[in-house]
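Everything below concerns the one structure shown next.
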Amino acid sequence: MTGELGTRLVVLRGNSGSGKSTTAQELRARLGRGVAWVEQDYLRRILLREHDLPSAPNIGLIDQTVRYALDSGYDVVLEGILNSQAYGEMLRRLIGDHKGVTGTYYFQLSLEETLRRHAGRPLAKVVTPDAMRGWYQPYDVLGVPGEHVFDETSSLDATVERIRADLDWKQGAVLRGLLDD
4 MTGELGTRLV
14 VLRGNSGSGK
24 STTAQELRAR
34 LGRGVAWVEQ
44 DYLRRILLRE
54 HDLPSAPNIG
64 LIDQTVRYAL
74 DSGYDVVLEG
84 ILNSQAYGEM
94 LRRLIGDHKG
104 VTGTYYFQLS
114 LEETLRRHAG
124 RPLAKVVTPD
134 AMRGWYQPYD
144 VLGVPGEHVF
154 DETSSLDATV
164 ERIRADLDWK
174 QGAVLRGLLD
184 D
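Take the sequence shown: its position 157, counted from the start at 1, is 160 in the numbering used here, and no numbers get skipped.
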């Protein structure tokens, strides 16, 4: 088991360019201190400089990082492509082990929409549309109870407010008294 009854875990998954990072950033901004943002890209690409392969060390590092933050009283937003073939087992175990409230969300946008969004990002200079096409996996849900799918019609505000409502999440762990400021 991991976390506390009062901790919240949000898992945001989807293709590159689907709005996961923007949603994670906005959630943290609205909720205040005590929300740990665990970003797959940072741990895998920056910290470990690792390719996204099944059984790669980043999977265990992500799991341990999320568990450590939850066990320390933080709410956690885990965000990344986190494809179900490589990350599904770890994610299902993590979701099942969390003592608090968990929300699982998948961002299902068309390839065309992810390419359009990607074109406006700094990463577009490094990652080509062909690479994005190669990574794209439609409807790669985990199939866990309560998993919600967002599509391209959901605005950032509607997405963030849906997550907050689902988890009755008004403020981060510091403001709820789970952590010292």
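Even for Gly, the Cβ is constructed at its ideal location relative to N, Cα and C.
Check                                                                                                          : Outcome
Closest by C-alpha distance to Glu150, when choosing among Glu92, Thr105, Gly9, Thr5                           : Thr105
Top-ranked residue by Cα proximity to Ser24, from Thr162, Ala72, Asp171                                        : Thr162
C-beta atoms of Leu145 and Ser87 nearer than 8 Å                                                               : yes
Cα-Cα separation between Gly17 and Thr26, rounded to whole angstroms                                           : 12 Å
Per-residue DSSP class, three states only, for Arg124                                                          : coil
Glu164, enclosing alpha helix (DSSP H) - first and last residue                                                : 159 to 169
Of the residues Tyr71, Gly6, Arg33, Ser21, the one placed nearest Phe166, counting alpha carbons only          : First, the residue type needs correcting, since residue 166 is Ile and not Phe in the sequence shown. When only C-alpha atoms are compared, the closest one is Arg33.
Backbone secondary structure at Gly106 - three-state DSSP                                                      : strand
Under 8 Å between C-beta atoms of Gly91 and Gly9                                                               : no
Ile84 beta carbon less than 8 Å from that of Gln111                                                            : no
Buried or exposed by the 16-neighbour rule on C-beta atoms within 10 Å, applied to Arg52                       : exposed
N-terminal and C-terminal residue of the beta strand (DSSP E) that Asp78 is part of                            : 78 to 83
Residue ranges of each beta strand (DSSP E) within the region 39 to 67, 3 or longer                            : none
Simplified DSSP state of Thr5, which is helix, strand or coil                                                  : strand
Reduced DSSP category for Arg36 - H, G, I as helix; E, B as strand; rest coil                                  : coil
Sequence-distant residues of the same chain with beta carbon closer than 7 Å to Glu116, five excluded per side : Glu155
CA-to-CA distance, Pro132 to Tyr139, given in whole angstroms                                                  : 10 Å
Buried versus exposed, by CB contacts within 10 Å (16 or more), Arg47                                          : buried
Enclosing beta strand (DSSP E) for Gly99 [first to last residue]                                               : Here Gly99 belongs to no beta strand (DSSP E); instead the alpha helix (DSSP H) covers 87 to 100.
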